[in-house]
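Everything below concerns the one structure shown next.
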Amino acid sequence: MSGMRKSAILITGANGEVGHGLIERLSEESSDPIVALDLMEIEPELKKRCAASYAGSIVDRALMERIVSEYRVREIYHLAALLSTRAEFTPDTAHDVNVTGTLDLLRLARDQGSWAAESVKFLFPSSIAVFGLPDLETKRAAGSVKEWEWTAPMTMYGCNKLYCEQLGRYYANHYRQLAEEPSEYNVDFRCLRYPGLISATTLPQGGTSDYAPEMIHAAASRKPYACFVREDTVIPFMAMPDAIDAILSLARADVGHLKRRVYNVTSFSATAGDIRDRVAAHFPHAEITFAPDEKRQRIVDSWPSDVDDSWARSDWDWDAKHDIDATFNGYLFPVIEKKYAGA
Ligand code: AKB
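The numbers in the sequence shown follow this note's numbering, run straight up by one, and end at 350.
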């Protein structure tokens, strides 16, 4: 059957923030057809760039079977997830989507790989939410954390991501290790842990690092904004174009150079107050206040103020193109102004 099927790149969560940027880049840079999947109908602009798109859930097995009956999936970008705030309201659903959905896709990748006799690449965005620092004093003392430090998440989403990292590592390195003939075509799982992402063109849904993009978009669209964390709250961030560069660089890296399956990546760390200052300097009419929500604050306080991404730098030459100045002055402000021009 594999001879009849067209080979394709599968992107789940295609309508999300990373999905938007990734589909735009992949459709320009790669000749491989893209198959997009999202709970919602894919936006028309993105649809045009895909060979096919499906609206449905990643835990719908019949749908997944339909996709593989039509396409030989040789690379997967598994972006679909319920983010950290939303997952706290519906932890069971979050577990279904974030864990069961990922496990189903790992199985799909395994099957596709063994039929085609080649490993399927499986790109998985994890998050700084896998870290859990118990209090602010520890967070200050920890500074920049390494991949294996402080991995005791306090959110369902963080637990889900951390476990899926381990599942991916298992499918890549240890799958059916006791079988007489272990598979030669294990899943080529590659994972990066994103910091808070900030896009000039889309807004996140249901995350806890959302205060940064929300503040910027509110100011650009002349709306008042009450930030739900304290002014001194600090976590690492990254501009969306760098997030897309990072996942594509990891996907294209020579597997022989990858000494890990899971990599920290970051660009700059900033407090909510730093972001307010930059936004207020650029949009003098901005109305930004601070009204911390105790519960969401606790979650952000448990995330590190910085991550050490030296493994990514040395194994696949990771280097963010946008530092904090370039993120705001070279990317966010010019692009966001166009977005809201005339609004
Ligand atoms: C969230 O806030 O849940 C995400 C994340 C940090 O992974 N943006």
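We put the beta carbon where it would ideally sit given N, CA and C, even for glycine.
Whole-number beta carbon distance between residue j and residue i, since they are thought to touch under 8 Å
i	j	result
V42	Y84	Their Cβ separation, rounded to whole angstroms, is 11 Å, which puts V42 and Y84 out of contact at 8 Å.
F244	D300	No, F244 and D300 are not in contact; Cβ-Cβ is about 19 Å, not under 8 Å.
I205	M247	7 Å
I65	L17	Not confirmed; about 10 Å, so no contact.
V137	G165	5 Å
F129	L143	The Cβ separation is near 36 Å, so there is no contact.
L198	E221	Sequence check: residue 198 is Cys here, not Leu. The Cβ separation is near 27 Å, so there is no contact.
Cutoff 8 Å; reference residue i; Cβ partners in own chain excluding five residues on either side
i	result
E238	T278, A279, G280, R283 and F297
R267	E154, W318 and D322
D118	V75
P160	A136, V137, F138, G139, C166, K168, L169 and S309
L89	T97, T100, A101, V104, N105, Y164 and G213
M47	N22 and A62
Distance between residue j and residue i (C-alpha atoms, nearest Å)
i	j	result
P231	A179	47 Å
E370	V106	With the chain covering 8 to 350 only, the question about residue 370 has no answer from this structure.
R12	L115	15 Å
D308	P202	14 Å
I135	D315	11 Å
Y182	V241	39 Å
A348	A207	13 Å
A87	F196	16 Å
A186	T109	23 Å
Y177	T19	21 Å
K328	E188	44 Å
L70	V127	20 Å
I331	D45	32 Å
I223	E344	10 Å
S276	F131	23 Å
Y338	D249	11 Å
Other residues of its chain near residue i: CB distance less than 7 Å, five sequence neighbours each side excluded
i	result
E95	T162 and M163
H264	D322 and W323
F335	R285
Cβ shell of residue i (< 6 Å), same chain only, five flanking positions each side left out
i	result
S14	R79 and R81
Which runs of the beta strand (DSSP E), 3 residues or longer, sit entirely within the region 234 to 318?
241 to 246, 269 to 271, 275 to 278 and 295 to 297
Considering only residues of the region 165 to 225, which uninterrupted alpha helix (DSSP H) runs meet the minimum length of 4 residues and lie entirely inside it, listed in chain order?
none
Whole beta strand (DSSP E) elements within the region 55 to 132, 3-residue minimum:
59 to 62 and 78 to 85
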